[in-house]
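Read top to bottom, the protein sequences are chains R and S.
Letter 13 of the first sequence, counting from 1, is numbered 7 in my numbering, and no numbers are missing.
Letter 60 of the second sequence, counting from 1, is numbered 54 in my numbering, and no numbers are missing.
Beta carbons are placed, not taken as given, at the ideal position from N, Cα and C, and that holds for glycine.
This structure is a prediction, so every number in the text was calculated from the model and none was measured.
Shown next, in structure tokens, is the structure this report addresses.
Number of protein chains: 2
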Amino acid sequence: MPAGDTPSRDTQSRTRRVDARRNEKTLLDAAARVFANQGVDAPVRQIAAEAGVGVGTVYRHFPQRSDLVIAVYRHQVDACVDLGERLLGRGSSPLAALEEWVDAFVDFLVTKHGLASVNGGQADEGGLHAYFLDHLVPVCERLLEAAREAGETSTDIGAYELMRGIGNLCLFGGDDTRYDARKLSHVLLAGVALRREPRAD
Amino acid sequence: MPAGDTPSRDTQSRTRRVDARRNEKTLLDAAARVFANQGVDAPVRQIAAEAGVGVGTVYRHFPQRSDLVIAVYRHQVDACVDLGERLLGRGSSPLAALEEWVDAFVDFLVTKHGLASVNGGQADEGGLHAYFLDHLVPVCERLLEAAREAGETSTDIGAYELMRGIGNLCLFGGDDTRYDARKLSHVLLAGVALRREPRAD
DNA sequence: GACAATACGGAACGTGGTTCCGCTTCGCAA
DNA sequence: TTGCGAAGCGGAACCACGTTCCGTATTGTC
């Protein structure tokens, strides 16, 4: 999130009409319900229907579809950030902390079926992509840096790259029993953890 | 492409009308051109326009959009299969062979901007997904098995899982200079290569 | 109670994949 | 060569989406 972007303070401000505030909450709840049932790709119209409002109302509160997704999952992303900071404070191995943190992130993505694909969609630009990465990358960066300082990794992978990689691994892993995003993220982290002779890049 | 080339005996069969065969080739060429310029997400209508035919004609030859994509890239997939077999025949380290093969696959995906996303799209089922994986997974399986027998990997990752993982890593890496799918695939393979104490899964 | 400002609903628009069907072209056979 | 059925063609039409627009309804204030 760019500087100066005030969080939800504005959104919840009491300078707004009561019906507007009520509808926003209704929408958030409805969206959470629909996303849980049918994945984050559910049509906007359906969320509007579930909330008992018109689509116009949805777009009044959330100018783009992705803003709604962000709003629904914002607190989970924040929780992830908090977890990262707690893990950093903990004395144990930075690499173990990174691994635990990534596990939590992967769980989050996998649990909400299809959430990751919102990141992956080519025509995203801004919206979700920005929010998720802007918040998570700095935490990841610090975890990675700590691991580097502790000599537990020698990889030159950046935090942004790692986050995107993890996110991509979580794509489309939902109902396919042959594909386990968690397992693959572990393999990727194993590659991050101990890199022997670097291959010619 | 002269007769007796490779696969689609039926498609190229001479029981079909000449205009039909001509149009199929025209379409394939047009699609290749459009895909190269604007990525594999280019609208069907545009491919039809580029070929100078109606959309109906596109769908006559390729019942689904993804069939067209498959047809355009089929020979590259086949080349990848061939490479895998050549590498298997070669005497050197199976793991090195696997790495070289994956590099070639990643190059293929990254070069055609957005190709990988066709795999990733949730509502795919069948089509491209099936063709790519059905052909590539067996080769990957043999490379992986060879590496396992040579004691160069102890991972329990399956070939399908690995292919999907690699494919996912190649998503949306096109114009983002901060994200290098090749580098991430190397990290993933590093994790495959030497796995120390397995983490609790 | 009246009047802005604010918010709402849902029809309408643009864009995408896909289908349908009347018309054209081809290939064979008389 | 011509006739005719089958194969193929074009593109309008359909459906599903995200998003925009605007006439109407609601709210808060004086």
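What first and last residue would you give for the alpha helix (DSSP H) that runs through residue i?
i: R/Cys74; result: Arg59 to Gly83
i: S/Ala175; result: Ala175 to Ala187
i: R/Pro88; result: Pro88 to Thr105
i: S/Val12; result: Val12 to Gln32
i: S/Thr9; result: Element bounds for S/Thr9: n/a, residue is neither H nor E.
i: R/Arg39; result: Val38 to Ala45
i: S/Ala144; result: That residue, S/Ala144, is in no alpha helix (DSSP H); it is neither H nor E in DSSP.
i: S/Leu163; result: Ala153 to Leu163
i: R/Gly50; result: Val49 to His55
Label residue i either buried or exposed according to how many other C-beta atoms from any shown protein chain fall within 10 Å of its C-beta, with 16 as the threshold for buried.
i: R/Lys19; result: exposed
i: R/His123; result: buried
i: S/Gly185; result: buried
i: S/Thr149; result: buried
i: S/His180; result: buried
i: S/Gly121; result: In this predicted model, S/Gly121 has a pLDDT of only 46, less than 50, meaning its place in the structure is not dependable; the value taken from the coordinates is given anyway. S/Gly121 is buried by the Cβ-count criterion.
i: R/Asp174; result: buried
i: R/Val12; result: exposed
i: R/Thr9; result: exposed
i: S/Ala73; result: exposed
i: S/Ala117; result: For S/Ala117, the pLDDT reaches just 36, beneath the cut-off of 50, and the residue's location in the model is therefore unreliable, leaving the point undetermined.
i: S/Glu119; result: Because the pLDDT of S/Glu119 is 36, which lies under 50, any placement of that residue in the model is unreliable, and the number read from its coordinates should be weighed accordingly. So S/Glu119 counts as exposed.
i: R/Ala187; result: buried
i: R/Val104; result: buried
i: S/Gly114; result: Its pLDDT being 41, under 50, S/Gly114 is placed unreliably by the model, and the measurement read from it follows with that caveat. The residue is buried, with at least 16 neighbouring Cβ atoms inside 10 Å.
i: S/Ser2; result: Unreliable placement is indicated for S/Ser2, whose pLDDT of 41 sits below 50; the coordinate value is still reported in the next sentence. Label assigned to S/Ser2: exposed.
Would you call the CB atoms of residue i and residue j closer than 7 Å?
i: R/Ala43; j: R/Leu21; result: no
i: S/Val66; j: S/Cys164; result: no
i: R/Arg49; j: R/Val34; result: Contrary to the premise, residue 49 of chain R reads as Val rather than Arg in this sequence. Against a cut-off of 7 Å, the Cβ pair of R/Val34 and R/Val49 comes out as no contact.
i: S/Leu89; j: S/Glu143; result: no
i: R/Leu178; j: S/Gly159; result: yes
i: S/Val63; j: S/His129; result: no
i: R/Val52; j: R/Gln40; result: no
i: S/Trp95; j: S/Leu156; result: no
i: S/Val75; j: S/Val133; result: yes
i: S/Leu77; j: S/Ala91; result: no
i: R/Glu79; j: R/Leu183; result: no
i: S/Tyr154; j: R/Arg15; result: no
Determine, using beta-carbon pairs with one atom in the region 58 to 67 of chain R and one in the region 75 to 94 of chain R, whether at least three such pairs fall under 8 Å.
These segments do not touch.
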